[in-house]
Amino acid sequence: MTRHARLVLLAAVIACSALLAAPTATPRGEVMDLVGDAGPGPAAAGGSTPGPTPTSAATPSPEPTPTPSPTPAPTRRPMGQGRPPERILVENRGPTVPPVEALEGYAWPIAHPRLTQPFGPSAYGSRIVDGRTFHDGIDVATFCGDRVMAAHAGTVLAAGRRFDDHIGWVGDLAPYFARLDRKHLWSSLPIVVVIDDGNGYRSMYAHLGRVVVKPGQRVKAGQLLGHEGATGHASGCHLHYGLFSPWERDTFGIKPDVAKRMKLPTAEIARIDPLLVLPPKKGIP
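With my numbering, the residue at position 101 of the sequence shown is 88, and numbering never jumps.
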């Protein structure tokens, strides 16, 4: 082999060694897929192999933020469900009503009265019980100006013409008070004394001519409250005496025409017959 041939062979060997030693360029961070498993590429369909079409990297859509469902309000059982609406208020007042048989210490509020209107069904009553008009207390009379005394010891809750908050209405009195204000009717109401008897009951003394006690005052049985009169809707001097427990669950209805005209509630707490607690009186059955 000539010297020229040896030089050509040596150059060829050096060139091959350089090609074998050169690294394959790989974009940083990308792992090359050396084994194709995606099936034939576009070249398999024949024709020239097109260069790769540059595509912008798809921006991933953000996951939608779930809208939190509102927390449902707690279901509250309607108060008084299944019972007449007019009874709802009084069913949540307090302890059990003391039995009438346990009441003691009562005395007649007028010394020598005549019973002019008993407790019970009456053509002149403005209450409704069992579908009939009803008188919810007793009317007693002697003469105008006679002494009216406390039938039982207790605390005065009202004394005057602003007494309705204390006599057991079942319902909203705001429309009634608004009517009294609008029509200037306060002076047409009876003068009334309401006393908490301290035993779970209240005594109501109505139609007085004047009073000598004040709200908050403690009184003894037999103490002077005021004087017999004819204030309010009355045909003559007398005393209407009523007795009820604010814890009573039963109610008396009010005549619809009266309630509508005067904007009053349609019910009041049921009363008891005062003759059940007053001592026997000659001439009064």
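Backbone N, C-alpha and C fix where the C-beta goes; we use that ideal spot for every residue, glycine too.
So the candidates are 211, 112 and 132; which of them puts its Cα closest to the Cα of residue 124?
When only C-alpha atoms are compared, the closest one is 112.
By how many angstroms is the C-alpha of residue 168 removed from the C-alpha of residue 107?
32 Å
Taking only the alpha-carbon atoms, compute the straight-line gap between residue 182 and residue 214 and give it to the nearest angstrom.
16 Å
Which whole-angstrom value is the C-beta distance of residue 131 and residue 229, which I expect to be below 8 Å?
In fact, because the Cβ distance is near 21 Å, the residues do not count as touching under 8 Å.
Return helix, strand or coil for residue 205, following the three-state DSSP convention.
strand
Beta-bridge partners of residue 179, as assigned by DSSP
147 and 193
Does the beta-carbon of residue 14 have 16 or more other beta-carbons within 10 angstroms, so that it is buried, or is it exposed?
Residue placement at residue 14 cannot be trusted, given a pLDDT of 34 that sits under 50; the coordinates are not used to answer.
Report the start-end ranges of each beta strand (DSSP E) in the segment 98 to 161 that is 3 residues or longer and not cut off at the edges.
The DSSP assignment places 101 to 104, 114 to 116, 119 to 122, 125 to 128, 134 to 136 and 141 to 147 as complete runs of the beta strand (DSSP E) inside the segment 98 to 161, in order along the chain (cut-off: 3 residues).
Just reading off the beta strand (DSSP E) that residue 246 is part of, what are its end residues?
The continuous stretches of beta strand (DSSP E) do not include residue 246, which lies in the alpha helix (DSSP H) extending over residues 243 to 249.
Could you check whether residue 135 and residue 96 sit closer than 8 Å to each other, using their CB atoms as the reference points?
Yes.
So the beta strand (DSSP E) residue 228 belongs to, where does it begin and stop?
226 to 231
Around the Cβ of residue 226, are there at least 16 other Cβ atoms within 10 angstroms (buried) or fewer (exposed)?
buried
So what does residue 254 bridge to, in DSSP terms?
240
Report yes or no: do the segment 197 to 211 and the segment 84 to 96 share at least 3 C-beta pairs separated by less than 8 Å?
yes
Of the listed residues 248, 200 and 138, nearest to residue 165 (C-alpha basis):
248
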